[in-house]
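Residue numbers (the working numbering): 249 to 562.
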Amino acid sequence: MKRLQQITVIVTGLLVMAFTAQAATNIFPADGDVGIGTVNPFGPTKLHVVGHIRSDGTHWFYASDETTLAGYVGDGANLGGLTSGEMVVRSAGGLGLWTSNSVRAMHLTSIGDVGIGTFPVAPAAKLDVAGAVNVQAGMNVSGDVGIGTLTPFGPTKLHVVGNIRSDGTLWFYDSTGNTLTGYMGDGVNLGGGGADDMIVRAADHLGLWTGGGSVKAVNITNLGDVGIGGTSGTPLTPTAKLDVDGTVRVRDLTASSSDNIVVAEANGDLRIRPASDLAGAQGPQGEQGPAGDDGAQGPQGDAGADGAAGAAGA
Numbered sequence: 249m250k251r252l253q254q255i256t257v258i259v260t261g262l263l264v265m266a267f268t269a270q271a272a273t274n275i276f277p278a279d280g281d282v283g284i285g286t287v288n289p290f291g292p293t294k295l296h297v298v299g300h301i302r303s304d305g306t307h308w309f310y311a312s313d314e315t316t317l318a319g320y321v322g323d324g325a326n327l328g329g330l331t332s333g334e335m336v337v338r339s340a341g342g343l344g345l346w347t348s349n350s351v352r353a354m355h356l357t358s359i360g361d362v363g364i365g366t367f368p369v370a371p372a373a374k375l376d377v378a379g380a381v382n383v384q385a386g387m388n389v390s391g392d393v394g395i396g397t398l399t400p401f402g403p404t405k406l407h408v409v410g411n412i413r414s415d416g417t418l419w420f421y422d423s424t425g426n427t428l429t430g431y432m433g434d435g436v437n438l439g440g441g442g443a444d445d446m447i448v449r450a451a452d453h454l455g456l457w458t459g460g461g462s463v464k465a466v467n468i469t470n471l472g473d474v475g476i477g478g479t480s481g482t483p484l485t486p487t488a489k490l491d492v493d494g495t496v497r498v499r500d501l502t503a504s505s506s507d508n509i510v511v512a513e514a515n516g517d518l519r520i521r522p523a524s525d526l527a528g529a530q531g532p533q534g535e536q537g538p539a540g541d542d543g544a545q546g547p548q549g550d551a552g553a554d555g556a557a558g559a560a561g562a
């Protein structure tokens, strides 16, 4: 009987220990390192896991003083994101992404400004890049963009203070973004000849305006006809290959010491010709005309002098 009681006490104790082990928190020595999947945990870290780690909650990061919260990593549902499928990193202050163990490649401030290559200087704009930028896909900007300026000129979407280099073609559309109006670029890309040709190609007409956009000085139709002149706001529609509404002064015709004239040849070409070229060669002598009527009898002339006396007769 006594032996049965001893066995009962031992079994009861084991059951209590088992239930207590399931409900209790595992406590590890404060001066040791913990290894999961390894018996040689990496010294500088308190926890070394060989394998994957799953977290169904949030990771809280504190400073080495164990009182200053630095940030969290977790899902969007727990950290104020949109959905639980989001991966959220929340910093109590700024957020830095470091490379090579010594370079802070990206700096996110507490107000949401992003600096790339700017550290230790805080970014001065919503995106501040210290270095070249290569955009390989599209860029959608709802505001105005300034390059070389923080105050881009309002009516324009892009304001560049400095020179612009383009190694491709500029495409121009209307304000709807649907109708192509023309291109500007080099001859190779636009079919104009050599790479050093500057080409402007219009989808329809091409106009050159002056006077702040109030005068269309030159109007080139889609047939290649050129019109120069016209009233303000009403450009001239050319009716010939070159149609000028106004006086014309040509300065580069060949000059000489003699007077020349400009003539239009049968094919429409204008030529400079000496005036002597207009006189033809002398033609053959014509036939003699019929004799005219006798004229009226003239007055009697003076009497002649007396003749000499004749010889005596035999």
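Ideal Cβ positions, reconstructed from N, Cα and C, are used throughout, including at glycine.
Taking contact to mean 3 or more Cβ pairs, one atom from each stretch, closer than 8 angstroms, check whether the region 348-355 and the region 364-374 are in contact. Short answer: they touch.
Express the C-alpha separation of valine 337 and threonine 404 in angstroms, rounding to a whole number. One-based indexing of the sequence shown puts residue 404 at position 156. One-based indexing of the sequence shown puts residue 337 at position 89. Between threonine 404 and valine 337, the C-alpha separation is close to 37 angstroms.
Tell me which same chain residues have a C-beta within less than 6 angstroms of the C-beta of alanine 271, skipping the five on either side of it? The count along the sequence shown starts at 1 and reaches residue 271 at position 23. Caution applies to alanine 271, whose pLDDT of 49 falls short of 50 and renders its modelled position unreliable; the value that the coordinates give is listed next. Excluding the 5 residues flanking it on each side, alanine 271 has no same chain C-beta neighbour closer than 6 angstroms.
Taking CB distances under 8 angstroms as the criterion, tell me whether threonine 397 reaches chain D. Of the chains in the structure shown, none is chain D; there is only one protein chain.
Three-state secondary structure (DSSP) of aspartate 473: As a first step, residue 473 must be located in the sequence shown, where it is residue number 225. DSSP places aspartate 473 in coil when its eight states are reduced to three.
Option in Gly396, Thr495, Gln530 with minimal Cα separation from asparagine 411: As a first step, residue 411 is located in the sequence shown; it is residue number 163 there, counting from the start. The candidate whose alpha carbon is nearest that of asparagine 411 is Gly396.
So, under 8 angstroms CB-CB, aspartate 493 and glycine 477 are touching, yes? Tell me the CB distance rounded to an integer number of Å. Translated into positions along the sequence shown, residue 493 becomes position 245. Translated into positions along the sequence shown, residue 477 becomes position 229. Between glycine 477 and aspartate 493 the Cβ distance is about 3 angstroms, and since that is below 8 angstroms, they are a contact.
What are the boundary residues of the beta strand (DSSP E) that includes asparagine 508? Counting from 1 along the sequence shown, the entry for residue 508 is found at position 260. Boundaries of the beta strand (DSSP E) harbouring asparagine 508: 508-512, taken from the DSSP string.
What three-state label does DSSP hand glycine 435 in the structure shown? Within the sequence shown, residue 435 is the residue found at index 187, counting from 1. Look at glycine 435 here: in three-state DSSP terms it is helix.
Which word fits proline 483, buried or exposed, when buried means at least 16 other C-beta atoms lie within 10 angstroms of its C-beta? On the sequence shown, residue 483 is found 235 positions in, with the first residue counted as 1. That one is buried.
Could you tell me the alpha carbon to alpha carbon distance between phenylalanine 420 and glutamate 334, rounded to whole angstroms? Locating residue 420 in the sequence shown gives position 172, where the first residue counts as 1. Locating residue 334 in the sequence shown gives position 86, where the first residue counts as 1. Looking at the two C-alpha atoms, the distance is approximately 40 angstroms.
Can you pull the DSSP bridge partners for lysine 464? The count along the sequence shown starts at 1 and reaches residue 464 at position 216. Trp457.
Compare the Cα-Cα distances from valine 389 to each of Asp507, Ala378, Asp376, Leu406 and report the closest residue. The residue you call residue 389 lines up with position 141 of the sequence shown. Measuring from the Cα of valine 389, the nearest candidate turns out to be Leu406.
Can you tell me whether glycine 537 is buried or exposed? The criterion is at least 16 other CB atoms within 10 Å of its CB, across all chains shown. Locating residue 537 in the sequence shown gives position 289, where the first residue counts as 1. Classified as exposed, glycine 537 has fewer than 16 neighbouring CB atoms from the shown chains inside 10 Å of its CB.
Between the CA atoms of alanine 557 and aspartate 567 - distance to the nearest angstrom: Outside the shown range of the chain, which is 249 to 562, sits residue 567, and nothing can be said about it.
Go through its chain and collect everything with a Cβ distance to proline 289's Cβ below 8 angstroms, but skip five positions before and after it. As a working mapping, residue 289 is identified with position 41 in the sequence shown. Around proline 289: Asp281, Val282, Gly283, Leu295, His296.
With H, G and I counted as helix, E and B as strand and the rest as coil, what does DSSP make of aspartate 452? Reading the sequence shown from its first residue, position 204 is the one you call residue 452. Here aspartate 452 sits in coil by DSSP.
Under a Cβ-count criterion, where at least 16 other Cβ atoms within 10 Å of its own Cβ denotes burial, should valine 511 be classed as buried or exposed? Locating residue 511 in the sequence shown gives position 263, counting from the first residue. The Cβ neighbour count for valine 511, taken over all protein chains shown within 10 Å, is under 16; the residue is labelled exposed.
In angstroms with no decimal places, state the Cα-to-Cα distance between glutamine 533 and leucine 490. Walking along the sequence shown from the start, residue 533 turns up at place 285. Walking along the sequence shown from the start, residue 490 turns up at place 242. Roughly 47 angstroms separates the two Cα atoms.
Reduced DSSP category for alanine 318 - H, G, I as helix; E, B as strand; rest coil: Reading the sequence shown from its first residue, position 70 is the one you call residue 318. In the structure shown, alanine 318 sits in a strand (DSSP, three-state: E or B).
For serine 312, which option in Thr293, Pro522, Ala488 has the closest C-alpha, if you only look at C-alpha atoms? Against the sequence shown, residue 312 aligns to sequence position 64. Scanning Thr293, Pro522, Ala488 for the CA closest to the CA of serine 312 turns up Thr293.
Assign asparagine 515 to one of two classes, buried (16 or more other C-beta atoms within 10 Å of its C-beta) or exposed (fewer than that). Indexing the sequence shown from 1 puts residue 515 at position 267. The residue in question, asparagine 515, is exposed, as its Cβ has fewer than 16 Cβ neighbours within 10 Å.
What does a CB cutoff of less than 6 angstroms around phenylalanine 309 pick up in its chain, not counting 5 residues either side in sequence? Along the sequence shown, read from residue 1 onward, the residue named residue 309 stands at position 61. So the qualifying residues of the chain are Ala318, Gly319.
Close-in-space but distant-in-sequence residues of the same chain around glycine 430 (CB under 6 angstroms, 5 per side omitted): Within the sequence shown, residue 430 is the residue found at index 182, counting from 1. If we look at glycine 430 and ignore the five residues flanking it on each side, its Cβ neighbours are Phe420, Arg449, Ala450, Ala451.
For glycine 189 and aspartate 542, what's the separation of their Cα atoms in angstroms? No answer is possible for residue 189: it lies beyond the span of the chain, which begins at 249 and ends at 562.
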